[in-house]
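Presented below is the structure to which this report refers.
Residue numbers (the numbering used here): 7 to 239.
The following block contains the structure:
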């Protein structure tokens with residue numbers, strides 16, 4: 007399917023989905039006001055941005071990676087030194103391409119798979135993930151084995167419908183994230199990295215930070231706020 011058709015399709019999906027999700031619209035506006043002290047949220051622009059990100063994640067695979075990889079810049083700690091570690095990110099930018107990006111740099115990549123509460127979103131994300139990651143991990147045993155084998159094990163921590171949670175009021179007053187990756191990194195003795203990817207006009211920026219610093223993360227997320235899925239998933 008052509009990218010323009012995908013963008014239009016995803017835009018329409020977001021548009022009609024939020025027609026019936028009044029609480030989610032309110033949550034997005036409240037989060038936006040908290041971060042920027044602005045009341046009017048540009049939903050049309052937001053849907054366009056998310057649709058473009060989803061279509062990019064759908065189209066890009068190993069065979070087409072050159073479409074973006076020559077435009078990627080690495081910021082922050084620049085490179086992950088160790089060959090095994092826990093990577094945490096948010097549903098932000100073209101996050102589904104992070105495993106592919108790191109595998110292109112010689113890392114073995116795996117993600118911890120947790121189904122979305124929304125079945126349509128879950129179907130879309132499973133389709134996007136196909137062919138972009140070496141391993142899907144579903145339990146602690148698989149996670150431990152992957153770390154021992156030198157994999158970077160990735161979590162999107164703002165998927166909060168199950169598991170132990172921790173509040174991150176430093177970022178948003180009601181934001182909760184999964185506690186699992188922090189416990190796993192500490193328990194098994196592996197480094198933890200925060201990573202996100204955002205698209206600018208001329209390039210894609212991958213931000214890497216060893217450790218987890220909420221105020222640093224907040225400022226990074228704010229730089230392209232319309233790339234962030236700002237409602238409960």
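Note that beta-carbon positions come from the ideal geometry of N, C-alpha and C, so glycine has one too.
| task | Taking only the alpha-carbon atoms, compute the straight-line gap between residue 173 and residue 61 and give it to the nearest angstrom. | result | Position 167 of the chain shown, counting from 1, holds the residue named residue 173. Position 55 of the chain shown, counting from 1, holds the residue named residue 61. Those two C-alpha atoms are separated by around 31 Å.
| Nearest neighbour of residue 207, chosen from 163, 79, 45 [CA to CA] | Stepping through the chain shown from its first residue, residue 207 is reached at position 201. Considering only alpha carbons, the answer is 79.
| field | Whole runs of the alpha helix (DSSP H) within the segment 32-117, excluding any shorter than 4 residues | value | 49-65, 72-75, 104-110
| said: Tell me which residues share the same chain as residue 139 and place their Cβ nearer than 6 Å to its Cβ, disregarding the 5 neighbours each side in the sequence. | reply: Taking the chain shown and counting its residues from 1, one reaches residue 139 at position 133. 105, 115, 117.
| Integer-rounded CB distance, given that residue 94 should sit under 8 Å from residue 187 | Within the chain shown, numbered from 1, the residue matching residue 187 stands at position 181. Within the chain shown, numbered from 1, the residue matching residue 94 stands at position 88. Yes, residue 187 and residue 94 are in contact; Cβ-Cβ is about 5 Å, under 8 Å.
| field | For residue 23, the first and last residue of its enclosing alpha helix (DSSP H) | value | Within the chain shown, numbered from 1, the residue matching residue 23 stands at position 17. That run of the alpha helix (DSSP H) goes 9-25.
| message | Suppose the cutoff is 8 Å on Cβ atoms and the five residues either side in sequence are ignored; what does the same chain contact list for residue 175 look like? | response | Here residue 175 refers to the residue found at position 169 of the chain shown. Excluding sequence neighbours, residue 175 sits near 181.
| request: Indicate whether the contact test is met: 3 or more Cβ pairs, each with one atom in the segment 42-55 and one in the segment 225-233, closer than 8 Å. | output: yes
| field | Same chain only: Cβ atoms within 8 Å of residue 75, ignoring 5 sequence neighbours per side | value | For this step, residue 75 is matched to residue 69 along the chain shown. Only 107, 110 meet the Cβ criterion.
| message | Based on DSSP bridge pairs, tell me the residues matched to residue 216. | response | The count along the chain shown starts at 1 and reaches residue 216 at position 210. Answer by DSSP bridge pairing, in chain order: 199.
| query | DSSP state of residue 221, grouped into three classes? | reply | Start at 1 with the first residue of the chain shown, and residue 221 comes out as number 215. Residue 221 falls in the helix class under three-state DSSP.
| said: Buried or exposed, going by whether 16 or more other CB atoms sit within 10 Å of the CB of residue 120? | reply: Here residue 120 corresponds to residue number 114 of the chain shown, with the count starting at 1. Per the 10 Å Cβ criterion, buried.
| said: Give me, in chain order, the residues of the same chain whose beta-carbon lies closer than 6 Å to that of residue 211; leave out the 5 immediate sequence neighbours on both sides. | reply: Along the chain shown, one-based indexing puts residue 211 at 205. Cβ neighbours of residue 211 beyond the five flanking positions: 79, 81, 204.
| Element boundaries [beta strand (DSSP E), containing residue 161] | What you label residue 161 is simply residue 155 of the chain shown in a count that begins at 1. Start and end: 157-162.
| query | What's the call for residue 10, buried or exposed, on a 16-neighbour Cβ count within 10 Å? | reply | For this step, residue 10 is matched to residue 4 along the chain shown. So residue 10 counts as exposed.
| query | Nearest to residue 193 by alpha carbon, out of 226, 163, 92, 209? | reply | Here residue 193 refers to the residue found at position 187 when the chain shown is read from its first residue. Nearest C-alpha to residue 193: 92.
| request: Determine the closest residue to residue 185 out of 195, 86, 191, 170, with distance taken between C-alpha atoms. | output: Counted from its first residue, the chain shown places residue 185 at position 179. For the residues 195, 86, 191, 170, the minimum Cα distance to residue 185 belongs to 170.
| task | For my contact list, residue 200 and residue 177 are in at a C-beta cut-off of 8 Å; report their separation, rounded to the angstrom. | result | Stepping through the chain shown from its first residue, residue 200 is reached at position 194. Stepping through the chain shown from its first residue, residue 177 is reached at position 171. Contact flag wrong, Cβ pair sits at about 12 Å.
| request: Determine the closest residue to residue 163 out of 237, 97, 48, with distance taken between C-alpha atoms. | output: In the chain shown, counting from the first residue as 1, residue 163 sits at position 157. Ranking 237, 97, 48 by Cα distance to residue 163 puts 97 first.
| task | Would you check if the distance between the CB atom of residue 13 and the CB atom of residue 58 is smaller than 7 Å? | result | Against the chain shown, residue 13 aligns to sequence position 7. Against the chain shown, residue 58 aligns to sequence position 52. Less than 7 Å separates the beta-carbon of residue 13 from that of residue 58.
| query | Quick one: what's got a C-beta closer than 6 Å to residue 220's C-beta in the same chain, skipping five residues either side? | reply | Within the chain shown, residue 220 is the residue found at index 214, counting from 1. Result list for residue 220: 174, 176, 177, in chain order.
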